[in-house]
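Number of protein chains: 2
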Amino acid sequence: MRIGELAKRAGTTTRALRFYESQGLLEAQRTPNGYREYDDHDLRLVREIQSLQAVGMSLEDTRPFVACLRAGHESGDSCPDSREVYRRKLAEVDACLDRLNTVREFLLARLAFQDPCLVAEPKEFQCS
Amino acid sequence: MRIGELAKRAGTTTRALRFYESQGLLEAQRTPNGYREYDDHDLRLVREIQSLQAVGMSLEDTRPFVACLRAGHESGDSCPDSREVYRRKLAEVDACLDRLNTVREFLLARLAFQDPCLVAEPKEFQCS
DNA sequence: CCTTGCCTTGACGTGCGCGTCAAGGTTTAG
DNA sequence: CTAAACCTTGACGCGCACGTCAAGGCAAGG
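Sequence order for the protein chains is A and B. Using numbering that gives the first Met the number 0, the first residue of the first sequence is number 0, and each one after it goes up by one. Using numbering that gives the first Met the number 0, the first residue of the second sequence is number 0, and each one after it goes up by one.
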């Protein structure tokens, strides 16, 4: 399939696919006229990238997963480097959760302090 | 005081202060030679901006607080617009917390699935 | 032959909060 | 007189993941 169809199947854009290629994440065969030609394996790679991005990973983070699939593994996360990314990301997420909880408490305290009626009517917190 | 001293007192840079001015967040008197001249009230404004940024607010978010202080209020969050920003930010934080918790569970599930020994030795989760 | 719709590379734009020169003017210490 | 340490405006850079145009080549339908 050509780049337009791959984009359609993966639910992305041709621009994104060309960008992945420029970053060395995706390779493509070329037809005699210079068009990129992809197969189902490439679609698999793109979907791997997308699902990882969906959980907040950068394109750099996806490299080990793509390499793992390229190496012939069934899933992109069955290689040590990929799992290391998982662990690092988990640590980042935990740190972010801690921070956000602190921020949340700060905001709640400020709102409560400034607007005592909200303490009496916590309904405001749920509906807006 | 001039811009360098204000920056030093606030623990920021002259570039940041000039940027705030370009965004209409900070105003400055000018001495005859064109130098910016600030007073303690301006230092207060800068500190307000910084403390809000520290909890993840954008410069746009800080506008109502600055305006509130300019209007003569004791604290920047004693005006309706400021409290509205607090509430909006709280909603964003809550949404972000939900999302991060989902991501966290995804990562934990993946790590557990791929690396069963981590289930037996959760020590890995704490020390790296 | 012409239009339509695909494809190519290249290059600049986006948002945000400044950092980092560039090229100069001012003030103060020695 | 000169050097150091301030100050001024202006303009480009950064990171990230592309979006968006530009200018053109290729293939198929009518």
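Ideal placement from N, C-alpha and C gives every residue a C-beta, glycine not left out.
Asked: Would you mind giving the Cβ-Cβ distance between Leu-107/B and Leu-89/A, rounded to the nearest angstrom? I have them listed as a contact below 8 Å.; Found: 7 Å
Asked: Kindly identify the DSSP beta-bridge partner or partners of Arg-35/B.; Found: Arg-29/B
Asked: Establish whether the CB of Phe-128/A and some CB of chain B are separated by less than 9 Å.; Found: Any answer about residue 128/A is impossible in this case: the structure gives chain A only from 0 up to 127.
Asked: With 9 Å as the threshold, decide whether the Cβ of Asp-76/B is near any Cβ in chain A.; Found: yes
Asked: Would Leu-25/B pass as a contact of Val-54/B if the rule is Cβ separation under 9 Å?; Found: no
Asked: Mind reading off the beta-carbon distance from Arg-87/B to Leu-110/A? Whole number of angstroms is fine, and I expect it under 8 Å.; Found: Arg-87/B to Leu-110/A, Cβ: 11 Å. No contact.
Asked: Using 9 Å as the threshold, is the C-beta distance between Leu-51/B and Asp-60/B below it?; Found: yes
Asked: Express the C-alpha separation of Phe-64/B and His-72/B in angstroms, rounding to a whole number.; Found: 10 Å
Asked: Going along chain A in order, which residues have a C-beta closer than 9 Å to the C-beta of Lys-88/B?; Found: Val-102, Leu-106
Asked: Does Gly-71/B come within less than 9 Å of chain A when only Cβ atoms are used?; Found: no
Asked: Rounded to whole angstroms, what is the Cα-Cα separation between Gly-75/A and Leu-16/B?; Found: 47 Å
Asked: Output the distance between the C-alpha atoms of Asn-32/B and Glu-4/B, rounded to the nearest integer angstrom.; Found: 17 Å
Asked: For chain B, is any of its Cβ atoms less than 9 Å away from the one on Gly-23/A?; Found: no
Asked: Is it buried or exposed for Glu-120/A, if we count other Cβ within 10 angstroms and need 16 for buried?; Found: Note that Glu-120/A scores a pLDDT of 38, beneath 50, so its modelled location is shaky and nothing firm can be said.
Asked: Counting only beta-carbon separations shorter than 9 Å, does Leu-99/B have a partner in chain A?; Found: yes
Asked: According to DSSP, is Leu-51/B part of a helix, a strand, or is it coil?; Found: helix
Asked: Whose C-beta lies closer than 6 Å to the C-beta of Arg-1/B among residues of the same chain, with five residues either side of it excluded?; Found: Tyr-34
Asked: For Gln-125/A, I'd like the list of residues in its chain whose CB is within less than 6 Å of its CB, leaving aside the five on either flank, ordered along the chain.; Found: Because Gln-125/A carries a pLDDT of 19, less than 50, the predicted location of this residue cannot be relied on, and the following value inherits that uncertainty. If we look at Gln-125/A and ignore the five residues flanking it on each side, it has no Cβ neighbours.
Asked: Show which residues of chain A have a CB atom less than 7 Å away from the CB atom of Val-54/B.; Found: Val-102, Phe-105
Asked: So for Arg-1/A, helix, strand or coil by DSSP?; Found: coil
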